[in-house]
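Enquirer:
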Amino acid sequence: MFTSGVKGQTKMAPSKKKHASSQPCIIPGGFTVLSLQFRSDSAAQHKLYVKEHKVRAEKSSRRPLDRTLFVLNIPPYCSEAVVKELFSQFDCVQSVELRDHPGSFQEPGPKLSRFFKPAEKKGFKVGYIVFQNSSGVTAAKSHPYNAPLVVCTEQRPVRTGVQKWIQQYTESFIQPDKLQQIVDSFMEDYDKRKEQEEERQRKEAEQQQEDEEGWVKVTRGHKGTKARPHSEAANKRALQKEMRKKKRKELMNFYTWQHRNTQKEHIAELRKKFEEDKQRIALLRAQRKFRPY
Amino acid sequence: MKKKKTVAEDPAEMNASDSSHEEDSEEAPVKAKRSKPDEAGGEEVVYHPVKLSRNDLYRPPTAEELNQLKEAESLFHCSLLKMQMEELLKEVALSEHRKQQIDSFIQTVTELLQSVPDSAEVEVSDLSWLSGAVKVPFLLVPKTTKGKFHMAPPASVDLIGSYPLGTCTKPRVMVDLAVTIPPDVLHPKDVVNQRYPRKRALYLAGLAQYLTSSSDIGTMRYSCLHGNRLRPVLLLTPPGSSSFTVRVHACPPPGFFKPNRFHPQRNNIRSEWYTGLQTSQSENSEPPTPRYNSSVLGDLLPRAHLQFLSAVSSQCSAFAHGVALLKVWLRQRELDQGTGCFNGFLASMLLAYLLSTHRISNTMTAYQLLRNSLNFLASTDLTVNGITLAKNPDSTAPSLAEFHSAFQVVFVDPSGHLNMCADMTACTYKQLQHEASVSMEFWDNPTVDGFHSLLMTPKPMIRTSDHVFQLCELVKLQSSCKKLNLLSELMDHSGNYVHAALPFILSLLQRGLGQRIRLLTHSLSPDLEWSVESEAPKHKAQPPLSFGMLLRPELAASVLERGPPADSPKAAEFRQLWGSRSELRRFQDGAITEAVLWGGESMCQKRLVPKQIVTYLLQLHADIPESCIRYVGAMVDDVIKTGSEVPTTGEEESLLVVQSYDDLSRKLWRLEGLPLSITAVQGAHPALRYTQVFPPVPLKLDYSFFEREKTSRSLVPKEGKPCPAYITPIKVICHMEGSGKWPHDRLAIRHIRTAFHIRLGGLLKKHHNYTCRPCPTHLDVWKDGLVFRIQVAYHREPQVLRESVNAEGLLIVRDNEEAQALEMATIHKPLLTSTLHGLQQEHPCFGAVCRLAKRWLGAQLFSEDITEDTSDLLVASLFLQPAPFTPPGSPQVGFLRFLHLLSSFDWRNNPLVVNLNNQLTAADYTEIKNDFMASRESLPVMFIATPKDKNLSIWTKRAPCVQMLQRVVMVAAESLKVLEHQLMDGSQTQDVRVVMRPPLDAYDVLIHLNPKQVPLLCQAVDPPPVNFSRGVLTSGRAQSGGALPVVDYNPVSLYLTELRDAFGDLALFFCDPYGGSVIAVLWKPKAFIPMPFKTSQVSARCVEVTGEEVNTVPNVEAILEDFRVMGEGLVKSVEARTEKWSF
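First to last, the sequence lines map onto chains A and B. In this text, residue positions in the first sequence follow UniProt numbering: the first is 1, and each later residue adds one. In this text, residue positions in the second sequence follow UniProt numbering: the first is 1, and each later residue adds one.
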């Protein structure tokens, strides 16, 4: 994959130089507008908006600030591979991350086979492209407006429509034993993780055990100010206590005042209903809902 | 006995209630006035929950208030119904302004009439005195009759009928004016041979001629009273707007003729005169002419009737209101107009009868009057036990038995001589009775909106009757009269062969259809109107006669009519009825009986057995050729018809699918070697509840058409070939036993489920040799030429999906879409499927109605908004709560009611409660309604509550939105109008598919698809003449095993998903899922408003820079280009129809 990207870059390079005389288009806000068209003879172009990736506190090392290009409005037919090749003309691309919305990097969960990944939404994407050198970012930002990127070329056909759907259908097949293998390996992994988790929970539970007199040991939480034991088990206990208290209180229509109150409530209920009905009628009358013809 | 007692007790109670009732009505207008200004200011009236202050709610109640609240609670279901009735009465009552207009017009007309000049005496047959323009409103057959006639000013002009009585209601305000012909114009012998009716017609013509010169009269037309040609009337309207009509009757002076001359067994038309042939019959042997007699007698009595009714109404305060309600009720059922109708006059007389027999008391409210009269109608059969208002009739008056022998329905007036229901057929009365009993049934049902069904829902015949047919060329009835030998009836009806033949045709059909129908109704010929300057129209000049049938679904479609044993005396009768079709047959039980066998293989053919019977009988006995009969029973069914040899509407195919599924389910249950046992196997696909529009058909594949996938040897579509036939995966949910071994983690559950899919597939392959394809989400099983998609479910999975652990290690439970979707798929859908499957067993045409409804929704491009499940629920509600109808007995009538429900239901103010399995009680209904009202704004616009889902409306949560619902309502109303018009009017071009062709001019872009790649092309509303080969062999039986076919591969839906994913924010995409080859695109207007540049909102948009400001707008050219790119191979052309985005 990577080598093909390099190849693409070397081939694209001359054409880029030819148009270097024209100016890049930069809009207020610091985004450079790049044009993108599907085929070299396409009539209309999409506009990509690129800028260097800049956030105040980037926690993840996956998006180094100086080498990451932030790209908006990537059309649905551009997969990660296609984007990688498209931007390889500026510099060697290290990684491409496509997302539905801009946002901070999220750690992926346990590794999943592609058959188990939930279906992705195939809309317009936001991309974070990490170049190997920071020069890639500047090259992309100064790319002239009137030299459009071309998605589908003869060397690099991109399948869409019926061809793509047939391909998708074909690729959706997997042999049962291979699928079984994936399942088995995942479950092994899961069992391991579960054991570790159980171990951790047991320790936590030990800490929060009430002693004979009902005292709970309170320790500082990791943020420093935790006072009450905050856990699933503790919450449940508190809830149950409340329920028990409530149950003890209930005693209906026992005293005379209670009885009187119920009657009063009934009349009030009737009155309320009457008023409600009156209002409903007024509403319907306004909509002329009483005309039988 | 018991009944009487309650009636006797009532008055005391009623006194109290009545006073409070009046007080209430006084209060209401004040309230209304007060609330009006806000409404006008706010424009849109919104319901806000009432907020009463504590003081208001808890102040000590007065005795009166207590009474009023109690009455509302016990007498009416709720105060709402009472108030609704009052509002309705206000709507139909004549305004003071209108009354003044009427009074002044009556004044002018009376004055004009009294100044009619005298004219010279001439022979009756001499019409020369009528100057050219004005014609006589009478069919002069036979041409001549004896007698002299001259014009003279009327002896008196009086108001009669409903207007002076105060029971006149809107719409169609008719004011009756009786003009008394001076006695010297008439002769006591004039009753004979139509002399009097002709003189009356002449007199009317004379009046009309005089009035033409006056400028105070607007339009002037002739009509005839209740379609009786012997009783013409003159209709006058004031100049300018005509909000009312004055009907001028000419009457003989009171008591001019002796009433005993009109005894139903006396003859007043001589056959010698009528036929023009010399006969030697004496007067006594002449056939009686009861109908002629009663039409003349009817003219003598209107003043007496008015007096009688005014006396009654002056005693009963709610009389006028009661009559008004009854009239509205009759009007909605189309029973109040035409020949033999139950008009307002009869309604008043009925109330008078009930009052005089103390079945109702003078102090009852209008609501109770209506209720009691319906109860009386429902329980009394006037065709057998006639009633009379005469207290002590004179000795010459006929007895009830004599009336019964002459008329079908008997209701005798106070004089004792006149049968007021003379023209009514037994069928009409039966219809009235049926309507009354249906009304009583649902009135008591607290779960039905009684007011609406009772008084607000119109019941036209086409929407009420399961099957309808029309006699188009009424002239043909002349020959049936001949065939049935009806000369004396013809004489009695004075030549009106339509009315003469009708009762005989009805009884013939009743006999022939027998147990197959519950009710036979017929349209009442409307009162004709014609201009005073044209001749009276012929008898055939009326719209076609329509007959409606309510079918008994369990018997109507049977192809065998089993008669009596061959040797029984009834056999001859049976043979006489069925003629040559009757043959001796030997049955399995050994009996040899007469029987008739009708044709029909599939359900949709069998449903038309009544049609075969009707056409056969009418041809055989009444000489009415088949070409004259327009049978409207299954015209709409065409759009869901499939089947090459035997046309079917899908019942048979659905049954095959269900049988195959049952087999699979049994096999699943029996599987051994699974780590956990199966607890339930449930179908979750419309095909398993008989509601799939085009049920899956077992297919046999042409393997050479496909490519093979390498690893699993499954079939794969070939590039360049047409898209293969679409194979619907039929979804089956397989619940696994709960166990501690299930992991408590979403991903792990997903993997375990996959393991189950693999294991199930393995076992099915091993034991039954089914080709299986396990996937993480499902298992596809190729069986009997069908594909079942089994999904393993674990009942705690939705719960697990809702749980998550937050940063502090605390378990939080939060509802999310994923869990809801899973619950929908594994719990709600299977439940709905099994419930509706049950409904289909109860109502055999449920499935067909659903299919028609969904076909329409699909064709009109609404399938995305009104989903299959929603639509099935809507149809289910028609069967579960048919009031004021009966459950639909044919697909067509069900479909019409579906359209009516969609278009007329008040979605804004009411929840639609679908009481599946009858699980909801009245209390639940109130609860649902209250919850709905309290949080209307946050609930879906189309709110459907079911027993398992009382206050969320899960089926309509996602769609439709307000705008779409509005459009659906509009299109449904229009479709209903067009369709009913077509079905009832034979003269129009007959193409019911018109309602299935959507108007495409409202859309901005049309994407035309390449028909080659549309796999369901042959299901389109207008299927193309040639279709592509799609890899399906037509011959040979489908079998299990072999390579897995291409399952669930539909380029159109894949394309639509991609389009919606990519451009869902900018546009809406519509497509008919059943073979639609065009995708309609509608831009969202909001998306085209320039927006400031934001990183989260730049999808498919381009920037416009003005100074420092950066706005974005959709990049339409690029989007249109994308439509082409993304649908490469599928899209034929993209047609942009508007330039809307350029604004």
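Every residue gets a Cβ at the ideal spot worked out from N, C-alpha and C, and that includes glycine.
(1) At least one CB of chain B closer than 7 angstroms to the CB of M243(A): is that the case?
(2) Closest Cβ-Cβ distance between F1069(B) and chain A: below 7 angstroms?
(3) Note down, in chain order, all residues in the stretch 76–110 of chain B with a beta-carbon under 8 angstroms from any beta-carbon belonging to chain A.
(4) Do F469(B) and Y631(B) have their CB atoms nearer than 7 angstroms?
(5) Following the continuous alpha helix (DSSP H) through H321(B), name the residue where it begins and the one where it ends.
(6) Is M549(B) buried or exposed, if buried means 16 or more other CB atoms sit within 10 Å of its CB?
(7) Does the pairing of the stretch 53–67 of chain A with the stretch 79–87 of chain A give three or more beta-carbon distances under 8 angstroms?
(8) Helix, strand or coil, according to DSSP, for S115(B) in the structure here?
(9) Helix, strand or coil for G147(B), going by three-state DSSP, please let me know.
(10) Taking 7 angstroms as the cut-off, decide whether the C-beta atoms of E864(B) and L1006(B) are in contact.
(11) Would DSSP call G548(B) helix, strand or coil?
(12) Compile a chain-ordered list of the residues in the stretch 145–179 of chain A whose CB is closer than 7 angstroms to at least one CB of chain B.
(13) Could you give the DSSP three-state label for L474(B): helix, strand or coil?
(14) Please specify which runs of the beta strand (DSSP E), each continuous and at least 3 residues long, are wholly inside the stretch 211–253 of chain B, giving them in chain order.
(15) Just curious, the beta strand (DSSP E) that L861(B) is in, first and last residue?
(16) Run through chain A and tell me which residues come within less than 7 angstroms of P798(B), C-beta to C-beta.
(17) Go to M736(B), then tell me how far its beta strand (DSSP E) extends in each direction, as first and last residue.
(18) Using only CA atoms, which one of K70(B), A304(B), F788(B), A436(B) lies nearest to L165(B)?
(19) Please list the partners that D527(B) has in chain A, where partner means a Cβ-to-Cβ separation under 8 angstroms.
(20) Where do the N-terminal and C-terminal ends of the beta strand (DSSP E) with I790(B) fall, by residue?
(21) Distance, Cα to Cα, H321(B) vs N372(B)?
(22) Does C850(B) come out as helix, strand or coil in the three-state DSSP assignment?
(23) Quick check: what's the CA-CA separation for S17(B) versus Y353(B)?
(24) Count the other CB atoms within 10 Å of the CB of E1121(B); is the residue buried (16 or more) or exposed (fewer)?
(25) For my contact list, K135(B) and E535(B) are in at a C-beta cut-off of 8 angstroms; report their separation, rounded to the angstrom.
(26) Quick one: what does DSSP say R796(B) is sitting in, helix, strand or coil?
(27) Answer with yes or no whether the minimum CB distance from E1104(B) to chain A is below 7 angstroms.
(28) Is there a Cβ of chain A sitting closer than 7 angstroms to that of A1062(B), yes or no?
(29) Given a cut-off of 7 angstroms on the beta-carbon distance, is the pair T237(B) and N267(B) in contact?
(30) Have a look at the DSSP bridge pairing and note the partners of I944(B).
(31) Return no unless some Cβ of chain B is closer than 7 angstroms to the Cβ of residue 307(A).
(32) Which partner residues does L584(B) have in the DSSP bridge list?
(33) Between T870(B), V995(B), A922(B), Q988(B), which has its C-alpha nearest V941(B)'s C-alpha?
(34) For H101(A), which residues in chain B fall below 8 angstroms Cβ to Cβ?
(35) For P259(B), which residues from the same chain have a beta carbon less than 6 angstroms from its beta carbon, with the 5 sequence-adjacent residues on both sides left out?
(36) Compare the C-beta of R285(A) with all C-beta atoms of chain B and state if any pair is closer than 7 angstroms.
Expert: Taking the definition as stated:
(1) Within the first sequence, numbered from 1, the residue matching residue 243(A) stands at position 243. Cβ-Cβ to chain B under 7 angstroms: no for M243(A).
(2) Along the second sequence, read from residue 1 onward, the residue named residue 1069(B) stands at position 1069. With 7 angstroms as the cut-off, F1069(B) does not count as an interface residue toward chain A.
(3) Residues passing the 8 angstroms Cβ filter: C78, S79, L80, M83, Q84, E87, L88, K90, E91, V92.
(4) Within the second sequence, residue 469(B) is the residue found at index 469, counting from 1. Within the second sequence, residue 631(B) is the residue found at index 631, counting from 1. Yes, the Cβ-Cβ distance between F469(B) and Y631(B) is below 7 angstroms.
(5) The residue given as residue 321(B) occupies position 321 in the second sequence. H321(B) -> alpha helix (DSSP H) spans 319–332.
(6) On the second sequence, position 549 is the one that residue 549(B) refers to. It counts as buried.
(7) Segments in contact, no.
(8) To locate residue 115(B), count along the second sequence from 1; it is residue 115. If DSSP states are grouped into helix, strand and coil, S115(B) belongs with coil.
(9) Here residue 147(B) refers to the residue found at position 147 of the second sequence. G147(B) carries a coil assignment under DSSP once its states are collapsed to helix, strand and coil.
(10) As a first step, residue 864(B) is located in the second sequence; it is residue number 864 there, counting from the start. As a first step, residue 1006(B) is located in the second sequence; it is residue number 1006 there, counting from the start. Going by C-beta atoms, E864(B) is not nearer than 7 angstroms to L1006(B).
(11) Numbered from its first residue, the second sequence carries residue 548(B) at position 548. The DSSP-derived three-state label of G548(B) is strand.
(12) Flagged, chain order: T160, G161, V162, Q163, W165, I166, Y169, T170, F173, Q175, P176, L179.
(13) Mapped onto the second sequence, residue 474(B) falls at position 474. DSSP places L474(B) in the coil class of the three-state scheme, outside both helix and strand.
(14) Within the stretch 211–253 of chain B, the beta strand (DSSP E) runs of at least 3 residues that lie entirely inside it are, in chain order, 220–224, 232–236, 244–251.
(15) Locating residue 861(B) in the second sequence gives position 861, counting from the first residue. Element bounds for L861(B): n/a, residue is neither H nor E.
(16) Taking the first residue of the second sequence as 1, we reach residue 798(B) at position 798. Neighbours of P798(B) on chain A: none; closest Cβ ~16 angstroms, over 7 angstroms.
(17) Locating residue 736(B) in the second sequence gives position 736, counting from the first residue. Taken as a continuous stretch (DSSP letters only), the beta strand (DSSP E) holding M736(B) covers 729–736.
(18) Here residue 165(B) refers to the residue found at position 165 when the second sequence is read from its first residue. Comparing Cα-Cα distances from L165(B) to each of K70(B), A304(B), F788(B), A436(B), the minimum goes to A304(B).
(19) On the second sequence, position 527 is the one that residue 527(B) refers to. Under the 8 angstroms cutoff, chain A gives no residues; its nearest Cβ is about 17 angstroms from D527(B).
(20) What you label residue 790(B) is simply residue 790 of the second sequence in a count that begins at 1. For I790(B), the enclosing beta strand (DSSP E) covers residues 786–793.
(21) On the second sequence, position 321 is the one that residue 321(B) refers to. On the second sequence, position 372 is the one that residue 372(B) refers to. Going by the C-alpha atoms only, they are around 14 angstroms apart.
(22) Sequence index remark: in the second sequence, residue 850(B) carries index 850 (1-based). When secondary structure is reduced to three states using DSSP, C850(B) falls in the helix class.
(23) Mapped onto the second sequence, residue 17(B) falls at position 17. Mapped onto the second sequence, residue 353(B) falls at position 353. Caution is warranted here: a pLDDT of 37 is assigned to S17(B), below 50, making its placement in the model unreliable, and the coordinate value is therefore given only provisionally. Separation of S17(B) and Y353(B) (C-alpha to C-alpha, rounded to the nearest whole angstrom) is 24 angstroms.
(24) Residue 1121(B) sits at position 1121 when you count from the first residue of the second sequence. E1121(B) is buried by the Cβ-count criterion.
(25) In the second sequence, the residue the question calls residue 135(B) occupies position 135. In the second sequence, the residue the question calls residue 535(B) occupies position 535. Indeed, because the Cβ distance is near 5 angstroms, the residues count as touching under 8 angstroms.
(26) The residue you call residue 796(B) lines up with position 796 of the second sequence. Note: R796(B) maps to coil in three-state DSSP.
(27) If you number the second sequence from 1, residue 1104(B) lands on position 1104. For E1104(B), the closest Cβ of chain A is not nearer than 7 angstroms.
(28) As a working mapping, residue 1062(B) is identified with position 1062 in the second sequence. Yes, contact with chain A.
(29) Residue 237(B) sits at position 237 when you count from the first residue of the second sequence. Residue 267(B) sits at position 267 when you count from the first residue of the second sequence. It is not a contact, given that the beta carbons lie outside the stated cut-off.
(30) For this step, residue 944(B) is matched to residue 944 along the second sequence. I944(B) is bridged to L912(B).
(31) Only positions 1 to 293 of chain A appear in this structure, which leaves residue 307(A) out of reach.
(32) Counting from one through the second sequence, the residue named residue 584(B) turns up at place 584. Note: L584(B) sits in a beta bridge opposite E594(B).
(33) Counting from 1 along the second sequence, the entry for residue 941(B) is found at position 941. Comparing Cα positions, the closest option is T870(B).
(34) Looking up residue 101(A) in the first sequence gives position 101. Those are S1096, listed as they occur along chain B.
(35) What you label residue 259(B) is simply residue 259 of the second sequence in a count that begins at 1. Shown here for P259(B): same chain residues with a beta carbon closer than 6 angstroms to its own, the five before and five after excluded, namely H417 in chain order.
(36) Numbered from 1 along the first sequence, position 285 holds the residue referred to as residue 285(A). When Cβ-Cβ separations below 7 angstroms define contact, R285(A) makes contact with chain B.
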